[in-house]
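There are 2 protein chains.
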Amino acid sequence: ISFIWRNTFAKIGEDWVFLALLGIIVAMFSYIMDYGIVMCNNARVWMYRDLTTHPFLQYLAWICLPVFLVLFSAGFVHILAPQAIGSGIPEMKTILRGVVLKEYLTFRTGVAKVVALTAALGSGMPLGKEGPLVHIASIVATLMSKMVTSFKGIYENESRNSEMLAAACAVGVSCNFGAPIGGVLFSIEVTSVYFAIRNYWRGFFSAVFGALMFRLMAYWFSNEDTLTAIFGTEYHVDFPYDPQELFIYALVGAFGGLSGAAFILFHRRYVLFMRKNKRISSFLQKNRFIYPGLMSLFITTLYFPLGLGQFLASTLSTRTQILHLFSNFTWVSDDLTVEQAEIVSHWVTESCSIFVNLSLYMLVTFFTTIWASTLPVPSGTVIPIFKMGAAFGRMIGEAMHLWFPEGVRIGGALSPILPGGYAIVGAAAFSAGLTHSISICVVISEMTGQIRHIIPVMIAVLVANAISTLLQPSLYDSIIMIKK
Amino acid sequence: ISFIWRNTFAKIGEDWVFLALLGIIVAMFSYIMDYGIVMCNNARVWMYRDLTTHPFLQYLAWICLPVFLVLFSAGFVHILAPQAIGSGIPEMKTILRGVVLKEYLTFRTGVAKVVALTAALGSGMPLGKEGPLVHIASIVATLMSKMVTSFKGIYENESRNSEMLAAACAVGVSCNFGAPIGGVLFSIEVTSVYFAIRNYWRGFFSAVFGALMFRLMAYWFSNEDTLTAIFGTEYHVDFPYDPQELFIYALVGAFGGLSGAAFILFHRRYVLFMRKNKRISSFLQKNRFIYPGLMSLFITTLYFPLGLGQFLASTLSTRTQILHLFSNFTWVSDDLTVEQAEIVSHWVTESCSIFVNLSLYMLVTFFTTIWASTLPVPSGTVIPIFKMGAAFGRMIGEAMHLWFPEGVRIGGALSPILPGGYAIVGAAAFSAGLTHSISICVVISEMTGQIRHIIPVMIAVLVANAISTLLQPSLYDSIIMIKK
């Protein structure tokens, strides 16, 4: 391959073709994994819903697939490559600072990560895939560059290598969020300390090919409009928000910062507690499948739709949940269309209003995400926290609507409250509190396909960042601290 | 002031308050200057249109105000502070690299820049204000930090000082384009070589206050919705573009790169030619007002609405021109509403179609911008090139519509061509070709309040960058080369 490469692409511009291919390949991985995850999720809901009507059997049907998938995932990475466990962003941050992590960017680890990640997310655990995808993209980049340079002597140019890895991180985030620009910025923020503007275009170039591929695959295979906006929203109003609402947005941001910091603190405490407790940890070391088995059983039980799950919209996929939370209508309004009522029906129960439901949803998501992220499987945590933030924002937005049913007076006109806007702001604020990144506001604009709420989002993100930075290191730095 | 400062804000967090104030003050400057510029422009059009009907007197009325304003502007900076001449971005780039430019960031220069810039842009010359506003913001930051630290010893911390200047550059760009995120990124790209992620939030924090202030002022004083999007557009379609159209977008990008490079080349050649020619240059040195007077007379004459100006939509302000070019309907379509026909009427003449008009518009803008940017007044060049790109995009879009009147076939459905989308892509591509910046795609999303076209925009911007970088240094580097 190297020979053909040198005589064709290397002459027009090795870099360009390399980056384009990198973007395309990672997008394909992302798409295929998404496909697998959706299939697993559908299977899980189908088994619960259509196989039987007896509650106990339904319970068995509900838990068996997730527990099996988590155990499979844990076993797979254990046998093939334990380096594939966890996120990937903290490790890439370390690598980009010049530390060499052994076996971290090998083919073996890549296979383990792809397969185990699909299984783990397919189980419906509250986990995300942004970190692992960064890892996968970095592995792809490394393997590709080895393939190209293997006949010319490995690691011809070490600085070149780290430029490639930086671009790979950008592609990873971009393909995950469907956000080419925000992805590049996010990856720079979370992995770099100093950044050379000279390398700026690499990430963009690669990400745009990734995004394009992602979009084309959505065209070809599922008629979905994935790329323009994964969580497409359309709020058509002249005044999407009122200056007076900005205080509330800032408060949402403050809360996002606080709970981001709380998450990081609890997560670290929990991990250190488990490790310190010699008896538990040595027991779990010997019986590697007990912890993932029990933990996934416990989490899945929590989400059982006939039990607590009815408050948690647990039959919906993560994507649908977020789409619902971002939806552009007021849930507590009296006149809902049929589709709107269908959406709300997932978020109320006979006994409880949406406020109780959403509070429970947040609380449970918070703790299950901490637990799930300690499972020995590939996992990210941004998306669950994002979900939690969206729920919080939706709650505040609906409450605002109840307080000001007519809307807020601005000049002469009344501008109505848009709860969906609050949900977006909340999601951004919580993610920012967790990752200490500002570029999440670009990511969320690209995700929702809208940029109208950019000022509230930025305010909330800045407040969340300030508070969270004051209280705790970022999640990634916290994980680096734990691993040291 | 320093005393009060130390006992109040310094305790809660000097940095924060400082950055917020910086954003607010720069936004106020930007707003007031915009107001002055619009007034001058209105006066110019009014004098031409309503004062008299005799063509020759109309001509006199058309030219007298611009020539006077340019002469005033040139005289003002000449007497007060010649450092205020020109853009400001190249100089800030030099300063941020550690070179000390004398008298460049003084109060005197600031006053000269603000007044002369308003006059120069009010004259209707094809100039922009992004560069000068960066300079003004940097001056504001320097003066503020002197005020605060004057009693504690000047320049307590030099690295701190350059962090502040970087934030100021971000604010300058943000307040100009009404693009808080894009502004920060753009300023990083055009002024820095290496960037510390640690300082990232400063620019954002300051820019968000600037953007907020800008928006609030628009609320209070003119009922306009300036900030959400200065050139607000709304394209409501499920498929804003088709994958096949991406080739055309890439071609638009290529053309943008070529003409960006051509602009930089011609600009440098022209400046060097004028300087080399000893006789001309010594003559102009002695008679400082001859060159600006004649040049502004010449350019204004070109734009005279009864002459060539009828092809150039010259009675419209720059803002209106861009809004027209971005408008969401097809100009060559047969059934236009009254408002739509009114818009198109500015861009056709009795004898010529929009294609001839737009071509002339581009050609004239190209050369007059080069000439105007050599006037000894504060000036930027991004906005005129942006306009030119929008015209090119609109032209291509309309041509595409004529070739594919039914739209492009995608899957089963026909997706119609959106010429406005091409205009946006063209504007981004041409600006990118000029400034060698990638973040222009974020700027344009924020400017238009839409992010749906992000993939075509990114593709065009990357292509434009690649071609332009291959052929020429960026405009700012070219100016640094000239000044050396």
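These protein sequences, in sequence, are chains S and R.
Last residue of the first sequence? That's 484 in my numbering, and every number before it is there in order.
Last residue of the second sequence? That's 1484 in my numbering, and every number before it is there in order.
Ideal Cβ placement from N, Cα and C applies to all residues, glycine included.
- Here the alpha carbons of Asp334(S) and Phe392(S) stand approximately 21 Å from one another.
- Tyr422(S) sits in a helix when the DSSP states are folded into three classes.
- Taking 8 Å as the Cβ-Cβ cut-off, the stretch 181-205 of chain S approaches chain R at Ile181, Leu185, Ile188, Glu189, Ser192, Val193, Tyr194, Phe195, Ala196, Ile197, Arg198, Tyr200, Trp201, Phe204 and Phe205, given in chain order.
- Residue-level contact by beta carbon holds for Gly449(S) and chain R, with a gap shorter than 7 Å.
- In the DSSP assignment, Phe247(S) falls within the alpha helix (DSSP H) that extends over Glu245 to Lys276.
- Residue contact with chain R for Leu462(S): present (Cβ-Cβ distance below 7 Å to some residue of chain R).
- Per the coordinates, the alpha-carbon of Glu406(S) lies some 23 Å from the alpha-carbon of Ala390(S).
- Annotation: Val344(S) has no Cβ neighbours in chain R at a cutoff of 7 Å; minimum Cβ distance is about 25 Å.
- Annotated as distal: Val463(S) and Ile438(S), with beta-carbon spacing of 7 Å or more.
- Counting along the chain, Tyr1194(R) sits inside no alpha helix (DSSP H); it lies in the beta strand (DSSP E) bounded by residues Tyr1194 to Ala1196.
- About 6 Å separates the beta carbons of Val70(S) and Ala120(S), which is inside the 8 Å limit, making them a contact pair.
- When the alpha-carbon of Arg108(S) is set against those of Val184(S), His78(S) and Val134(S), the nearest one is in His78(S).
- Close CB contacts of Leu117(S) within its chain, under the 7 Å cut and outside five residues either way in sequence, are with Met33, Lys129, Pro132 and Pro378 (chain order).
- For a Cβ distance threshold of 7 Å, residue set Ile451 and Ile454 of chain S lies close to Glu1446(R), ordered along the chain.
- Among the bridge pairs identified by DSSP, Pro384(S) is matched with none.
- Contact check for Ser296(S) and Pro305(S): beta-carbon distance about 17 Å, past the 8 Å limit, so the pair fails to qualify.
- In this structure Phe430(S) touches Phe386(S) by the C-beta definition: roughly 7 Å separates them, less than 8 Å.
- Going by DSSP, Gln1321(R) is part of the alpha helix (DSSP H) stretching over Thr1318 to Leu1325.
- Where Pro1416(R) is concerned, there is no enclosing alpha helix (DSSP H), because DSSP gives it neither an H nor an E.
- Under the three-pair Cβ rule at 8 Å, the stretch 1322-1333 of chain R does not count as touching the stretch 1138-1148 of chain R.
- DSSP places Gly1178(R) outside both helix and strand once states are collapsed to three, so it counts as coil.
- The CB of Arg215(S) comes closer than 9 Å to the CB of Pro1243 and Ile1455 in chain R, given here in chain order.
- The alpha-carbon separation between Cys441(S) and Arg1202(R) amounts to approximately 15 Å.
- Neighbours of Cys441(S) in chain R, taken as residues at a C-beta separation under 7 Å, are given in chain order as Ile1181.
- DSSP lists Gln1450(R) as the bridge partner or partners of Gln450(S).
- Flagged as an interface residue toward chain S: Val1208(R), by a C-beta distance shorter than 7 Å.
- No Cβ-Cβ contact shorter than 7 Å links Val1425(R) with Val1382(R).
- Chain-order list of chain S residues neighbouring Ile1438(R): Tyr200, Trp201 and Phe204, by C-beta distance under 8 Å.
- Looking at the DSSP output, Pro378(S) sits in a beta bridge with Gly86(S).
- Scanning chain R for C-beta atoms nearer than 8 Å to the C-beta of Asn465(S) yields Trp1201, reported in chain order.
- Between Ala141(S) and Leu22(S), the gap from beta carbon to beta carbon is short of 7 Å.
- In this structure, DSSP gives Gly210(S) a helical state, which the three-state scheme calls helix.
- The alpha carbon of Ile1136(R) has as its nearest neighbour, out of Gly1420(R), Val1171(R) and Phe1186(R), the alpha carbon of Val1171(R).
- For Thr1330(R), the number of other beta carbons within 10 angstroms of its own is at least 16, and it is reported as buried.
- Here DSSP, grouped into helix, strand and coil, assigns Gly1128(R) to strand.
- A residue is called buried when at least 16 other Cβ atoms come within 10 angstroms of its Cβ; Glu1245(R) meets this threshold and is buried.
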